[in-house]
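Here the sequence shown stands for residues 108 to 560, where the numbers follow the numbering used here.
Glycine included, C-beta positions come from ideal geometry on N, C-alpha and C.
Since this is a predicted model, take the numbers as computed values, not measurements.
Heads up: the structure comes next, in structure tokens.
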Amino acid sequence: MRRSLAILTVLTSGALTAGAVAVLAPGANAATTLGAAAAEKGRYFGTAVAAYKLSDPVYSGILDREFTSVTPENEMKWDATEPTQGTFTFTSADTIVNRAIANGQKVRGHALAWHSQQPGWAQNLSGTALRNAMVNHVTRVATHYRGKIDSWDVVNEAFADGSTGARRDSNLQRTGNDWIEVAFRAARAADPAAKLCYNDYNTDGQNAKSNAVYAMVSDFKARGVPIDCVGFQSHFNAQSPLPSDYQANLQRFADLGLDVQITELDIEGSGTTQANTYAAATRACLAVTRCNGITVWGIRDTDSWRASGTPLLFDGNGNPKAAYTAVLNTLGGTTTSPSPSQSSASPSPSVSQPPGTRSCAATVAINAWTGGFVATVKVTAGATALTGWTAAVTLPSGSAVTNTWNATASGSTATVSFTNVGYNGPVPAAGTTEFGFQGTGPAPSTTATCTAR
Ligand code: 9MR
108 MRRSLAILTV LTSGALTAGA VAVLAPGANA ATTLGAAAAE KGRYFGTAVA AYKLSDPVYS
168 GILDREFTSV TPENEMKWDA TEPTQGTFTF TSADTIVNRA IANGQKVRGH ALAWHSQQPG
228 WAQNLSGTAL RNAMVNHVTR VATHYRGKID SWDVVNEAFA DGSTGARRDS NLQRTGNDWI
288 EVAFRAARAA DPAAKLCYND YNTDGQNAKS NAVYAMVSDF KARGVPIDCV GFQSHFNAQS
348 PLPSDYQANL QRFADLGLDV QITELDIEGS GTTQANTYAA ATRACLAVTR CNGITVWGIR
408 DTDSWRASGT PLLFDGNGNP KAAYTAVLNT LGGTTTSPSP SQSSASPSPS VSQPPGTRSC
468 AATVAINAWT GGFVATVKVT AGATALTGWT AAVTLPSGSA VTNTWNATAS GSTATVSFTN
528 VGYNGPVPAA GTTEFGFQGT GPAPSTTATC TAR
């Protein structure tokens, strides 16, 4: 099992903030972007991204302002990454991943093993040759992105629609029913720090298909097959509306002891009806503690795979729609509408206020193996909200941090300080945020120090 071996609680009160606190209009301190608002709820807010659109400044402007996670829409699929057997092309996907990491955004990997969008050579394989090709593909792609992926859709859409609860027939399925767990084991071996997800559609409510996925995931948990999350694509329209038991369905999967994520959200429609449905989907995630992120399947309506249904949060010009405001407000954020007195040209008056005593604590969970470890650190704010934090971890001799996510590492080999990145610095009073790091050598000691800002 993965996150196991030790849970260490770590201490410490933090620094004081000194001095003047700006007095702003009510609500002015609320988050004003999807990503910042979701972060205050301990969640990411992501979007599918197409590499070829990144040069569009409207597109990339919204991407960088609003989103804290990205999913390559097509660039990591089998046909894109291994067009010829054994020859891997990562250029487009690398563009998305490296840009996201530079901007402090998480990456959802999509998708390692799927019946669709296979290269022609794989479509023509079967039996052992296909099984071996799949394992090699999973291993090579997950290894290439080792340490850079927050969550991988390891297997996508492996169950049939309708009432049978059966696996979908496909060339992969015909290699043997164990192909899914074989893919998960290969992914874990290649990238032990990534969360490994099963991802599907029409599984958003309780039905024969989601029951079948539930049975598979329960079995995986019981037998120790490595799985950390289930993705619910959540493509909604009149024919496939937001199910009334959406939250209950997310919750029953979470209760199996894994994360749930809304992975490809889009809702056809317009105006208030669409906005209300988006708000309801967002509320469902917020109500499930282990629903740790929402991804919408594109930025502007015109970017959507079903553009005619105008299913996204921004219109074709990049203007936020009612659905955007509904999601932002549901996350606890607010749109900015600065009055003249609040504009940057004429700053708000400041008055001195007694500073709050900011404090934080850090809880470190270690998963160690011979020669290496992964540490997941939860930072918890005290009674006053944080604007930032630093957690210092002591490493034993022979240890080194090789890779960090959701924080920036600095410092010597003995003590490494991890400081928040842009989107996860603000933590509400008593709220939490997580970061992690991977290392070689023996696992860290039981001491760490959290300093609040
Ligand atoms: O949005 C993707 C679109 O650009 C591709 O043409 C299509 C090809 O299969 O895949 C779309 O994304 C799908 C995702 O990979 C898996 N779940 C359903 C998504 C919408 O079709």
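**Report entry** Check: H217 C-beta below 7 angstroms from any heavy atom of the ligand 9MR
**Finding:** Locating residue 217 in the sequence shown gives position 110, counting from the first residue. Yes, the ligand 9MR has a heavy atom inside 7 angstroms of this Cβ.
Requested in this report: Would you mind listing the alpha helix (DSSP H) stretches within the region 197-241 that are 4+ residues and don't spill past its ends, in chain order?
Outcome: 198-209 and 227-230
Requested in this report: Would you give the residue range spanned by the alpha helix (DSSP H) that I169 belongs to?
Outcome: Working through the sequence shown from its first residue, we reach residue 169 at position 62. P164 to E173 is the span of the alpha helix (DSSP H), which, as asked, contains I169.
Report task. Note down, one range per segment and in chain order, each alpha helix (DSSP H) of at least 4 residues found wholly within the region 347-405. Result -> 353-361 and 378-394
Query raised in the report: Mind checking Y530: buried by the 16 CB within 10 Å criterion, or exposed?
Result: For the purposes of this step, residue 530 is identified with residue 423 of the sequence shown, where counting begins at 1. By the neighbour-count rule (16 or more Cβ atoms within 10 Å), Y530 is buried.
**Report entry** Own chain partners of T384 with C-beta closer than 6 angstroms, once the 5 adjacent residues on each side are dropped
**Finding:** Numbered from 1 along the sequence shown, position 277 holds the residue referred to as residue 384. For T384, where only same-chain residues beyond five positions count, the Cβ hits under 6 angstroms are L349 and I374.
**Report entry** DSSP three-state assignment for F195, whether helix, strand or coil
**Finding:** For the purposes of this step, residue 195 is identified with residue 88 of the sequence shown, where counting begins at 1. Reduced to three states, the DSSP call for F195 is coil.
Query raised in the report: Which whole runs of the beta strand (DSSP E) in the region 235-315 are 3 residues long or more, in chain order?
Result: 258-263 and 302-307
**Report entry** Backbone secondary structure at R560 - three-state DSSP
**Finding:** Within the sequence shown, numbered from 1, the residue matching residue 560 stands at position 453. Note: R560 maps to coil in three-state DSSP.
Query raised in the report: Looking at C-beta atoms only, is the number of pairs between the region 291-298 and the region 195-211 that lie closer than 8 angstroms three or more?
Result: no
Report task. Note down the Cα distance separating T558 from I256, rounded to an integer number of angstroms. Result -> By one-based count along the sequence shown, residue 558 stands at place 451. By one-based count along the sequence shown, residue 256 stands at place 149. Cα to Cα, the separation comes out at about 27 angstroms.
Query raised in the report: How many angstroms separate the CA atom of T554 from the CA atom of A469?
Result: To locate residue 554, count along the sequence shown from 1; it is residue 447. To locate residue 469, count along the sequence shown from 1; it is residue 362. If you take the alpha carbons of T554 and A469, they lie about 10 angstroms apart.
Query raised in the report: Just reading off the beta strand (DSSP E) that V484 is part of, what are its end residues?
Result: Position 377 of the sequence shown, counted from the first residue, corresponds to residue 484. That run of the beta strand (DSSP E) goes G479 to A488.
Query raised in the report: When every heavy atom of the ligand 9MR is checked, does at least one fall within less than 7 angstroms of the C-beta of S258?
Result: Numbered from 1 along the sequence shown, position 151 holds the residue referred to as residue 258. False, no ligand heavy atom lies under 7 angstroms from that Cβ.
Query raised in the report: Around the Cβ of A550, are there at least 16 other Cβ atoms within 10 angstroms (buried) or fewer (exposed)?
Result: Along the sequence shown, read from residue 1 onward, the residue named residue 550 stands at position 443. It counts as buried.
Query - A146 to F152 span [Cα, whole Å] - result: To locate residue 146, count along the sequence shown from 1; it is residue 39. To locate residue 152, count along the sequence shown from 1; it is residue 45. Rounded to the nearest angstrom, the two C-alpha atoms are 8 angstroms apart.
Query raised in the report: So which of A382, H244, N284 and A537 has the shortest CA-CA distance to P418?
Result: As a first step, residue 418 is located in the sequence shown; it is residue number 311 there, counting from the start. Answer by Cα proximity: A382.
Requested in this report: Report buried or exposed for R172, applying the criterion of at least 16 other Cβ atoms within 10 angstroms of its Cβ.
Outcome: The residue given as residue 172 occupies position 65 in the sequence shown. Exposed, by the Cβ-count rule.
Query raised in the report: Excluding sequence positions up to five away, which residues of its chain have a Cβ less than 6 angstroms from the Cβ of N306?
Result: Your numbering for residue 306 matches position 199 in the sequence shown. Counting only Cβ-Cβ distances below 6 angstroms, and skipping sequence neighbours, we find D260, N263, G338 and T370.
Query raised in the report: Could you give the distance in angstroms between the alpha-carbon of A122 and the alpha-carbon of V523?
Result: As a working note, residue 122 is residue 15 in the sequence shown. As a working note, residue 523 is residue 416 in the sequence shown. With a pLDDT of only 38 at A122, under the threshold of 50, the placement of this residue in the model should not be trusted; the figure read from the coordinates follows. Answer to the nearest angstrom: the Cα atoms are 18 angstroms apart.
Query raised in the report: Less than 7 angstroms between the CB of W404 and some heavy atom of the ligand 9MR, yes or no?
Result: Along the sequence shown, one-based indexing puts residue 404 at 297. Within the cutoff, so yes.
Query - Beta-ladder partner(s) of D439, from DSSP - result: To locate residue 439, count along the sequence shown from 1; it is residue 332. Note on identity: in this sequence residue 439 is Gly, with Asp being the wrong assignment. In DSSP, G439 forms no bridge with anything.
Report task. Give the DSSP-derived three-state secondary structure of G546 in the structure shown. Result -> Within the sequence shown, residue 546 is the residue found at index 439, counting from 1. In this structure, G546 counts as strand in the three-state DSSP scheme.
**Report entry** Alpha-carbon spacing of T556 relative to A472, whole angstroms
**Finding:** Working through the sequence shown from its first residue, we reach residue 556 at position 449. Working through the sequence shown from its first residue, we reach residue 472 at position 365. Distance between the alpha carbons of T556 and A472: 14 angstroms.
Report task. Determine which residues share a DSSP beta bridge with A499 and list them. Result -> To locate residue 499, count along the sequence shown from 1; it is residue 392. A499 pairs with S524 and T556.
Requested in this report: Please name the residue, chosen from T380, S466, I401 and A387, that lies closest to K428 on a Cα-to-Cα basis.
Outcome: Taking the sequence shown and counting its residues from 1, the one referred to as residue 428 is at position 321. Checking every option, the nearest Cα to that of K428 belongs to T380.
Query raised in the report: Between C398 and L363, which are expected to be in contact by the criterion C-beta below 8 angstroms, what is the C-beta distance as a whole number of angstroms?
Result: Looking up residue 398 in the sequence shown gives position 291. Looking up residue 363 in the sequence shown gives position 256. 13 angstroms between Cβ atoms; not a contact.
Query raised in the report: How is N531 classed by DSSP in three states: helix, strand or coil?
Result: As a position in the sequence shown, residue 531 is number 424, starting the count at 1. Of the three classes helix, strand and coil, the one that applies to N531 here is helix, per DSSP.
Query raised in the report: Are there three or more Cβ pairs, one per stretch, closer than 8 angstroms when the region 214-234 is compared with the region 276-285?
Result: yes
Report task. Measure the C-alpha to C-alpha separation of A138 and F174 and round it to an integer number of angstroms. Result -> Along the sequence shown, one-based indexing puts residue 138 at 31. Along the sequence shown, one-based indexing puts residue 174 at 67. In a straight line, the C-alpha of A138 is about 13 angstroms away from that of F174.
Query - F195 burial status per 10 Å Cβ neighbour count (16 or more: buried) - result: Residue mapping note: residue 195 aligns to position 88 of the sequence shown, counting from 1. Answer is exposed; the Cβ neighbour count stays below 16.
Report task. Taking G338 as part of the beta strand (DSSP E), name the residues at either end of that continuous run. Result -> Numbered from its first residue, the sequence shown carries residue 338 at position 231. Run containing G338: C336 to F339, per the beta strand (DSSP E) assignment.
Query raised in the report: For the beta strand (DSSP E) that contains T154, what are its first and last residues?
Result: Translated into positions along the sequence shown, residue 154 becomes position 47. Where T154 is concerned, the enclosing beta strand (DSSP E) stretches over Y151 to V156.
Query raised in the report: Where does D504 sit, in a helix, a strand or coil, going by DSSP?
Result: Here residue 504 corresponds to residue number 397 of the sequence shown, with the count starting at 1. According to the sequence as given, residue 504 is Ser; it is not Asp. Three-state result, S504: coil.
Query raised in the report: Candidates S162, T441 and C304: which alpha carbon is nearest A143's?
Result: The count along the sequence shown starts at 1 and reaches residue 143 at position 36. That would be T441, whose Cα lies nearest to the Cα of A143.
Query - G142 - DSSP class collapsed to helix/strand/coil - result: Taking the first residue of the sequence shown as position 1, residue 142 is located at position 35. Reduced to three states, the DSSP call for G142 is helix.
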